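Following: one structure in structure tokens, then a few remarks.
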Amino acid sequence: MPEQPAEERRHNFDEVPYGYTEELARAEASRCLKCKKPQCVQGCPVAVDIPGFIELIVEGKHADAARAIKRTNSLPAICGRVCPQEEQCEALCVLGKKGEPVAVGRLERFAADWEREHDAVEIPELAPSTGKKVAVVGAGPAGLTVAGDLIKLGHAVTIFEALHKPGGVLAYGIPEFRLPKAIVGAEVDYLKSLGVELEFDTVIGKTISMDELLEEHDSVFIGSGAGLPWFLGIPGENLSGVYSANEYLTRSNLMKAYRDDYDTPIHRGKRVGVVGGGNVAMDSARTALRLGADEVMIVYRRGRVEMPARNEEIHHAEEEGVQFNLLTNPVEVLGDEDGWVRGMKCIRMELGEPDDSGRRRPVPIEGSEFELPLDTAIIAIGNSPNPLIPSSAPGLATGRRGNIVAEEATGATSLKGVFAGGDIVTGAATVIAAMGAGRVAAKHMDRYLADGVWPPEPDPAAPAEGDGTDGA
Amino acid sequence: MAEILSAETIAPETIRMRIHAPKIAAKREAGQFVIIRASEHSERVPLTIADSDVSEGSVTIVFQMVGHSTLELGEMKAGDSVADIVGPLGRATEVEKLGTVVSVGGGIGTAVALPIASAMKAAGNRVVGIIGARSKDLLILEDEMRAAADEILISTDDGSYGHHGFVTDLLQQVIDREKVDVVLAVGPVPMMRAVCKVTLEPGIRTIVSLNPIMVDGTGMCGGCRVTVGGETKFVCVDGPEFDGHQVDFEELVKRQRTYKGIEADDVGRYHRERECRLKDAQTGE
Numbered sequence: 011m012p013e014q015p016a017e018e019r020r021h022n023f024d025e026v027p028y029g030y031t032e033e034l035a036r037a038e039a040s041r042c043l044k045c046k047k048p049q050c051v052q053g054c055p056v057a058v059d060i061p062g063f064i065e066l067i068v069e070g071k072h073a074d075a076a077r078a079i080k081r082t083n084s085l086p087a088i089c090g091r092v093c094p095q096e097e098q099c100e101a102l103c104v105l106g107k108k109g110e111p112v113a114v115g116r117l118e119r120f121a122a123d124w125e126r127e128h129d130a131v132e133i134p135e136l137a138p139s140t141g142k143k144v145a146v147v148g149a150g151p152a153g154l155t156v157a158g159d160l161i162k163l164g165h166a167v168t169i170f171e172a173l174h175k176p177g178g179v180l181a182y183g184i185p186e187f188r189l190p191k192a193i194v195g196a197e198v199d200y201l202k203s204l205g206v207e208l209e210f211d212t213v214i215g216k217t218i219s220m221d222e223l224l225e226e227h228d229s230v231f232i233g234s235g236a237g238l239p240w241f242l243g244i245p246g247e248n249l250s251g252v253y254s255a256n257e258y259l260t261r262s263n264l265m266k267a268y269r270d271d272y273d274t275p276i277h278r279g280k281r282v283g284v285v286g287g288g289n290v291a292m293d294s295a296r297t298a299l300r301l302g303a304d305e306v307m308i309v310y311r312r313g314r315v316e317m318p319a320r321n322e323e324i325h326h327a328e329e330e331g332v333q334f335n336l337l338t339n340p341v342e343v344l345g346d347e348d349g350w351v352r353g354m355k356c357i358r359m360e361l362g363e364p365d366d367s368g369r370r371r372p373v374p375i376e377g378s379e380f381e382l383p384l385d386t387a388i389i390a391i392g393n394s395p396n397p398l399i400p401s402s403a404p405g406l407a408t409g410r411r412g413n414i415v416a417e418e419a420t421g422a423t424s425l426k427g428v429f430a431g432g433d434i435v436t437g438a439a440t441v442i443a444a445m446g447a448g449r450v451a452a453k454h455m456d457r458y459l460a461d462g463v464w465p466p467e468p469d470p471a472a473p474a475e476g477d478g479t480d481g482a
Numbered sequence: 011m012a013e014i015l016s017a018e019t020i021a022p023e024t025i026r027m028r029i030h031a032p033k034i035a036a037k038r039e040a041g042q043f044v045i046i047r048a049s050e051h052s053e054r055v056p057l058t059i060a061d062s063d064v065s066e067g068s069v070t071i072v073f074q075m076v077g078h079s080t081l082e083l084g085e086m087k088a089g090d091s092v093a094d095i096v097g098p099l100g101r102a103t104e105v106e107k108l109g110t111v112v113s114v115g116g117g118i119g120t121a122v123a124l125p126i127a128s129a130m131k132a133a134g135n136r137v138v139g140i141i142g143a144r145s146k147d148l149l150i151l152e153d154e155m156r157a158a159a160d161e162i163l164i165s166t167d168d169g170s171y172g173h174h175g176f177v178t179d180l181l182q183q184v185i186d187r188e189k190v191d192v193v194l195a196v197g198p199v200p201m202m203r204a205v206c207k208v209t210l211e212p213g214i215r216t217i218v219s220l221n222p223i224m225v226d227g228t229g230m231c232g233g234c235r236v237t238v239g240g241e242t243k244f245v246c247v248d249g250p251e252f253d254g255h256q257v258d259f260e261e262l263v264k265r266q267r268t269y270k271g272i273e274a275d276d277v278g279r280y281h282r283e284r285e286c287r288l289k290d291a292q293t294g295e
């Protein structure tokens with residue numbers, strides 16, 4: 011895949027991979043063996059007809075390929091860019107046993123981009139109006155998916171978004187160089203062209219109560235996400251120059267602080283430490299580089315193999331010059347007399363027995379403390395479900411971690427007519443998982459809107475983990 | 011987009027603005043705030059709702075033009091629209107009938123203290139209002155406070171009006187002469203901190219309204235975090251009001267200074283650009 015060279019791209023916010031040309035795409039698509047029992051589909055959280063769309067690319071029918079994907083995945087331009095394919099479809103590709111798997115993600119991206127760039131996005135025929143009104147809380151991947159599915163089934167859909175722009179993590183979390191905001195905008199424009207209404211600057215639980223929402227709508231989907239940042243709880247974490255990754259990325263991505271023509275400030279540190287090993291940590295580190303840092307260090311308490319980030323992100327970060335302090339854990343953030351961060355006291359770790367995540371538990375090595383000089387620290391260790399809605403809707407059952415409890419097979423919550431999906435239910439996870447949950451919920455909301463049966467029975471035909479089509 | 015219904019200068023560099031926001035007006039309670047983005051390239055800034063009118067569907071904000079964003083907002087006129095306004099955010103003031111409430115407003119903080127004082131009076135409390143400013147021309151909302159409270163006392167640092175001194179002098183006088191059940195203090199951090207010092211020994215419950223830097227205002231970024239009672243709290247969702255005796259003011263002041271360097275550059279640039287625009291307007295370019 012042709013990409014911007016590392017030395018160049020660490021100074022700009024343009025997308026890193028250029029995308030396949032048509033020749034490259036057809037060549038890659040031709041590698042597909044068209045297995046009788048395609049394993050790749052088993053790996054996809056929404057069971058996209060992978061061999062089917064790849065075949066269409068081979069035949070040069072790129073818009074059809076995009077449509078084939080959209081039958082199960084409503085945001086392919088986004089998923090092609092952000093799915094951890096190496097753990098999903100590509101992990102199971104037969105070709106991957108001896109060589110490189112078929113680059114499913116890049117082909118998905120190619121098809122979606124082709125369709126958009128050639129103005130070939132088809133407006134499907136909508137089902138006749140059902141007269142039912144649906145409220146979707148949150149314009150993130152789960153909410154956008156539910157809106158897209160239900161508008162096509164003839165329901166009136168309004169998305170209520172707390173921020174001033176749509177996308178959720180797609181807008182504030184994932185940087186421009188991984189997911190251009192114009193693409194998020196194009197997806198939202200597509201939904202608007204189908205008739206979905208969006209109301210921004212509306213905080214459910216503050217501007218409008220859940221009760222009001224329920225009074226004015228026949229069904230509600232909550233996709234408000236995992237927007238509560240975790241901090242380490244170590245001394246010094248409130249010093250100036252210490253950011254949660256959410257704040258750092260929101261300033262850069264949503265508020266465009268990386269651009270001079272936007273007013274939101276962001277501290278452009280020269281020596282930046284990022285605590286964490288996931289995609290958010292990689293995004294924060296690579297953003298810091300682009301904002302002009304001389305040195306950016308990942309500080310992660312486990313080893314390389316245990317890092318949850320996508321391989322491509324780790325790889326890109328390494329190429330761009332991000333340093334990796336693995337098996338290292340911060341114990342204190344150190345400040346100067348003005349209350350600015352000046353470094354972190356860290357301790358070296360070694361891996362012991364596995365913990366309940368299945369990964370080997372990191373154990374501190376006594377006496378190995380050392381100081382890492384820094385002028386900026388970004389804490390990227392995870393997020394919990396944002397508590398605003400769970401705390402403002404009595405009767406809505408919630409779990410220990412602040413998540414909304416919802417049936418996995420239907421998306422139904424404890425409140426009649428209210429469904430939920432995505433990070434607000436599972437805790438921080440992937441875009442594709444949120445979309446899959448949105449798909450499941452939409453199907454059951456459609457049935458509930460028709461027959462009013464509560465709680466809804468799981469639909470056996472609804473997409474579930476790994477049961478795919480029979481292939482080409 | 012939300013239309014500005016009126017914008018008036020009520021003191022040097024101090025603007026009172028009414029904005030059309032019917033949903034916010036309908037839900038708003040004393041103590042809550044909004045976040046405003048003046049235009050596409052602007053920052054999101056938190057501003058307390060000083061008043062609201064449900065029938066008109068408007069909220070009133072009072073702010074000082076101190077930074078780039080408030081300078082930009084302050085230049086907007088009736089008929090213009092702000093790009094975004096979201097709210098009501100934060101927890102409303104806990105209004106209860108306690109007895110005697112002293113509401114202390116310093117400088118622009120008076121705009122925040124006013125709705126709380128009104129709410130406390132409506133709940134049946136005796137409300138003593140103390141307002142202070144550096145000088146007479148910086149004193150705001152005197153008439154409104156007079157109407158909201160049972161008694162008001164005024165101080166100016168330079169003695170140009172009322173008591174020559176600080177709000178804390180007047181607070182001490184009130185505490186010395188009558189039983190006070192709760193003190194509300196809103197203003198610059200040194201003022202809130204000083205009030206808390208006065209009320210600590212007599213053990214009078216003191217509530218402060220904090221004004222850290224914010225970005226989203228819904229609890230998702232942690233930019234507004236403060237330490238209260240040794241624990242980290244987010245001002246946008248846990249506050250903006252807290253027990254003043256528990257707040258780590260020193261840390262708050264330091265965190266508020268995070269962008270001072272950048273802000274100074276921005277404000278300088280803003281003024282230079284403004285001068286250029288004024289020059290162009292004069293020469294008819």
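In the order they appear, the protein sequences are chains A and B. Here the first sequence stands for residues 11 to 482, where the numbers follow our numbering. Here the second sequence stands for residues 11 to 295, where the numbers follow our numbering. A virtual CB, placed ideally from N, CA and C, is assigned to each residue, including glycine. Remember, it's a predicted structure, so these values are computed and weren't measured experimentally.
At a cut-off of 7 Å between beta-carbon atoms, A:D271 makes contact with chain B.
Minimum Cα-Cα distance from A:I218 among the listed residues A:L398, A:S294 and A:L301 corresponds to A:L398. With a cutoff of 7 Å on beta-carbon distance, A:I64 and A:A39 are scored as near each other.
Taking 9 Å as the upper bound on Cβ-Cβ separation, chain B lies near residues A172, L173, H174 and Y182 of the segment 171 to 199 of chain A.
Inter-residue distance for A:Y458 and A:E467 is about 9 Å (C-alpha atoms, whole angstroms). With fewer than 16 other Cβ atoms inside 10 Å of its own Cβ, A:G70 counts as exposed.
Chain B places no beta carbon closer than 7 Å to that of A:T82, leaving this residue out of the contacts. Going by DSSP, A:M307 is part of the beta strand (DSSP E) stretching over E305 to V309.
The secondary-structure analysis by DSSP pairs B:D253 across a beta bridge with B:I217.
Contact fails between the segment 38 to 58 of chain A and the segment 13 to 20 of chain A, because fewer than three Cβ pairs, one in each stretch, are under 8 Å apart. Remark: C-beta atoms of B:I59 and B:M27 do not approach each other more closely than 7 Å. Just measuring C-alpha positions, the residue of A:V194, A:R188, A:F187 and A:L204 sitting nearest A:H165 is A:L204. Within chain A, the residues placing a beta-carbon under 7 Å from that of B:H51 are D271, Y272 and D273, ordered along the chain. Against chain A, the CB of B:R265 has a partner CB under 7 Å away; the residue lies at that interface.
Under the DSSP assignment, B:H30 falls in the beta strand (DSSP E) whose first and last residues are T24 to H30. Contact between A:A149 and A:E135 does not hold, since the beta-carbon distance rounds to 24 Å and is not under 8 Å. Three or more beta-carbon pairs separated by less than 8 Å are not found between the segment 244 to 262 of chain B and the segment 68 to 84 of chain B, which leaves the two stretches without contact. Per DSSP, the continuous beta strand (DSSP E) segment holding A:K143 begins and ends at K143 to V147. Annotation: A:D385 to A:G349 spans about 11 Å, alpha carbon to alpha carbon. When secondary structure is reduced to three states using DSSP, B:Q182 falls in the helix class.
A check of alpha carbon separations from A:R41 across A:D228, A:L105, A:E316 and A:M307 identifies A:L105 as the nearest. Around the beta carbon of B:F73, 16 or more other beta carbons lie within 10 angstroms, which makes this residue buried. Separation of B:H51 and A:F210 (C-alpha to C-alpha, rounded to the nearest whole angstrom) is 17 Å.
Residues of chain A with a Cβ closer than 9 Å to the Cβ of B:S65 do not exist; the shortest Cβ-Cβ separation is about 18 Å.
Going by C-alpha positions, B:G240 is about 22 Å away from B:T103. Following the DSSP letters along the chain, one finds A:P400 inside the alpha helix (DSSP H) bounded by residues L398 to S402. Contacts between A:V213 and chain B, judged by CB atoms closer than 8 Å, involve V96, G97, L99 and T228 in chain order. A residue is called buried when at least 16 other Cβ atoms come within 10 angstroms of its Cβ; A:Q95 meets this threshold and is buried.
Between the alpha carbons of A:D59 and A:G115 lies a distance of about 13 Å. Taking the Cα positions, B:Q266 is about 17 Å away from B:I45. Scanning its chain for C-beta atoms nearer than 6 Å, with the 5 sequence neighbours on each side dropped, one finds around A:A267 the residues R261, T274 and I276, in chain order.
DSSP places B:Q292 in the helix class (H, G or I) of the three-state scheme. In the structure shown, B:T242 adopts extended strand secondary structure according to DSSP, grouped into three states. The C-alpha of A:E379 is placed about 52 Å away from the C-alpha of B:I141.
For B:T103, no chain A residue has a C-beta closer than 7 Å to its own C-beta; the minimum C-beta separation is roughly 15 Å. Excluding five sequence positions before and after A:G313, the CB atoms of its chain that fall closer than 7 Å to its own CB belong to L336, L337 and L361, given in chain order.
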